[in-house]
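Novice: As given, the protein sequences belong to chains A and B, one line each in that order. According to this note's numbering, the first sequence is numbered sequentially starting from 17. According to this note's numbering, the second sequence is numbered sequentially starting from 178. To start, I am sharing the structure in question, which I have written as structure tokens.
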Amino acid sequence: MLYIMVNGERHEAAGTETLAELLAKLKLNAQYLAVAVNNKVIPKSEYSLTKIKEGDALEVIHAVGGG
Amino acid sequence: MYKIKDKEFNSRLMVGTGKYASFRQMQEVLDASGTEVVTVAIRRVKLDGAHEDNLLNFLDRKKYWLLPNTAGCYNVKDAILTANLAREALSTNWIKLEVIGDEKTLFPDNEGLLEAARVLVKDGFVVLPYINDDPIICKKLEDIGCAAVMPLAAPIGSGMGIRNPTNIQIILETVKVPVIVDAGVGCASDAAIAMELGCAAVLMNTGIAGAKDPIKMARAMKLAVEAGRFSYESGRIQKKLYATASSPIDGVICK
Numbered sequence: 017m018l019y020i021m022v023n024g025e026r027h028e029a030a031g032t033e034t035l036a037e038l039l040a041k042l043k044l045n046a047q048y049l050a051v052a053v054n055n056k057v058i059p060k061s062e063y064s065l066t067k068i069k070e071g072d073a074l075e076v077i078h079a080v081g082g083g
Numbered sequence: 178m179y180k181i182k183d184k185e186f187n188s189r190l191m192v193g194t195g196k197y198a199s200f201r202q203m204q205e206v207l208d209a210s211g212t213e214v215v216t217v218a219i220r221r222v223k224l225d226g227a228h229e230d231n232l233l234n235f236l237d238r239k240k241y242w243l244l245p246n247t248a249g250c251y252n253v254k255d256a257i258l259t260a261n262l263a264r265e266a267l268s269t270n271w272i273k274l275e276v277i278g279d280e281k282t283l284f285p286d287n288e289g290l291l292e293a294a295r296v297l298v299k300d301g302f303v304v305l306p307y308i309n310d311d312p313i314i315c316k317k318l319e320d321i322g323c324a325a326v327m328p329l330a331a332p333i334g335s336g337m338g339i340r341n342p343t344n345i346q347i348i349l350e351t352v353k354v355p356v357i358v359d360a361g362v363g364c365a366s367d368a369a370i371a372m373e374l375g376c377a378a379v380l381m382n383t384g385i386a387g388a389k390d391p392i393k394m395a396r397a398m399k400l401a402v403e404a405g406r407f408s409y410e411s412g413r414i415q416k417k418l419y420a421t422a423s424s425p426i427d428g429v430i431c432k
């Protein structure tokens, strides 16, 4: 088990988890999302190749109404 | 018709997607406004597992050109990250760049804005910066390579209208890129004034969403933007201190 930050909150992740698996566990539909790991945006095509590491800081965003 | 970068638009009214009572109301507003460009914000998704309707399910991207913003960013780093996330989430390299300097006024931080604009332009973004009605900064942003400049009319959401029309006029004479008045428009005549000054477009959100009848106000803004543009293009008469008779002097029956 390792600890990561997702949107400023502390989360647990399995040691071997990929970004795709983590998003599925969080019940997030990747279609409209974007994710940055340690301030680097990860292309959707790389979600299943990106391993989560101890101490990673993730930002998971989507578009909302705004001006 | 006008162009930003290589993209042509017919409607000169850009509309924000925030603060509506429902997505349905937003759709009706956008429809009534005739807009082709809509702004969206970028925010963290909620992780509580609750179902959230996604804004993008309610926006027809064949009809509307999405312009994500970096609203809420108070430093260069956050603005750049937000722009990059927006590019990935929405598959667009267009960004309405905001680097805010102060919570109370939401005025832009000029220094941060210039720095962020330089990085994003270099990285291939089409940058539309939200900026004070300051001709010097607008020129610097144009020189950096921004595709337009978006000077505020008044503070965001204030509905104060165009507080400094002469500055907007000087900006229009200073830069060649489109000038889009952004923020502070409260009613239709404010939008018409922006267009009569010669601005390429007007962007608003609260002025419509905060009206008692947002759909009717969207229609009013559409007409005002069209009327203002026609008025600008037709070339107004010079202002004179004294009267000039509209009816002929010849043949007056009075002795």
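The C-beta atom is built at its ideal place from N, Cα and C for all residues, glycine as well.
Classify Lys399 of chain B: buried if its beta carbon has 16 or more other beta carbons within 10 angstroms, exposed otherwise.
Specialist: With 16 or more other Cβ atoms within 10 Å, it is buried.
Novice: Per DSSP, which one or two residues make a beta bridge with Asn246 of chain B?
Specialist: Answer by DSSP bridge pairing, in chain order: B:Lys273.
Novice: Hey, Leu74 of chain A and Met17 of chain A are a contact pair by Cβ (cut 8 Å); roughly how many whole angstroms apart?
Specialist: In fact, because the Cβ distance is near 16 Å, the residues do not count as touching under 8 Å.
Novice: Report the three-state DSSP secondary structure of Tyr409 of chain B (helix, strand or coil).
Specialist: helix
Novice: Roughly how far, in whole angstroms, is the beta-carbon of Pro355 of chain B from the beta-carbon of Ile181 of chain B, given that I think they are within contact range, below 8 Å?
Specialist: 6 Å
Novice: Using a Cβ cut-off of 8 Å, pull out every chain A residue sitting near Val217 of chain B, in sequence order please.
Specialist: Ala79, Val80, Gly81 and Gly82
Novice: Am I right that Ile321 of chain B and Ala294 of chain B are in contact with their C-beta atoms under 8 Å? What's the rounded C-beta distance?
Specialist: 5 Å
Novice: Any residues in the region 45–79 of chain A with a beta carbon nearer than 9 Å to a beta carbon of chain B? Which ones, in chain order?
Specialist: If the cut-off is 9 Å between Cβ atoms, the region 45–79 of chain A has Asn45, Gln47, Tyr48, Leu49, Ala50, Val51, Ala52, Asn55, Lys56, Val57, Ile58, Pro59, Lys60, Glu75, Val76, Ile77, His78 and Ala79 near chain B.
Novice: Pull up the distance between the alpha-carbon of Asn187 of chain B and that of His78 of chain A, whole angstroms please.
Specialist: 28 Å
Novice: Would you say Leu42 of chain A faces chain B, with C-beta separation under 7 Å as the test?
Specialist: yes
Novice: Keeping to the same chain, check which residues put their C-beta closer than 8 Å to that of Gly83 of chain A; ignore five residues upstream and five downstream.
Specialist: Answer for Gly83 of chain A: no residue qualifies.
Novice: Quick check on the DSSP output: the alpha helix (DSSP H) that includes Lys254 of chain B runs from which residue to which?
Specialist: Val253 to Leu267
Novice: Applying the 10 Å Cβ sphere with the 16-neighbour rule, what's the burial state of Thr32 of chain A?
Specialist: exposed
Novice: Does the Cβ-Cβ distance between Tyr251 of chain B and Ile277 of chain B come in under 7 Å?
Specialist: yes
Novice: Please report the straight-line C-alpha distance between Lys69 of chain A and Asn54 of chain A, rounded to a whole angstrom.
Specialist: Each residue's Cα considered, the two are about 11 Å apart.
Novice: Give me whichever residues DSSP pairs with Ala29 of chain A in a beta bridge.
Specialist: A:Leu18
Novice: Beta carbon of Asp367 of chain B, beta carbon of Asn341 of chain B: below 7 Å?
Specialist: No, the Cβ-Cβ distance between Asp367 of chain B and Asn341 of chain B is not below 7 Å.
Novice: Mind checking which residues open and close the alpha helix (DSSP H) that includes Val296 of chain B?
Specialist: Asn287 to Lys299
Novice: Based on the DSSP secondary-structure assignment, which residues constitute the bridge partners of Phe186 of chain B?
Specialist: Its beta-bridge partners are B:Tyr179.
Novice: Around the C-beta of Phe407 of chain B, are 16 or more other C-beta atoms found within 10 angstroms, so that it is buried, or is it exposed?
Specialist: Classification of Phe407 of chain B: exposed, given that the 10 Å Cβ count is below 16.
Novice: With distances taken between CB atoms, is the gap from Ala401 of chain B to Ala365 of chain B smaller than 7 Å?
Specialist: yes
Novice: Using the rule of at least 16 other Cβ atoms within 10 Å of the residue's Cβ for burial, across every protein chain shown, is Met178 of chain B buried or exposed?
Specialist: exposed
Novice: Going by Cα to Cα distance, which pick from A:Gly71, A:Ala46 and A:Leu44 is closest to Glu28 of chain A?
Specialist: A:Gly71
Novice: Give a yes or no on whether the C-beta atoms belonging to Val379 of chain B and Val352 of chain B are separated by under 7 Å.
Specialist: no
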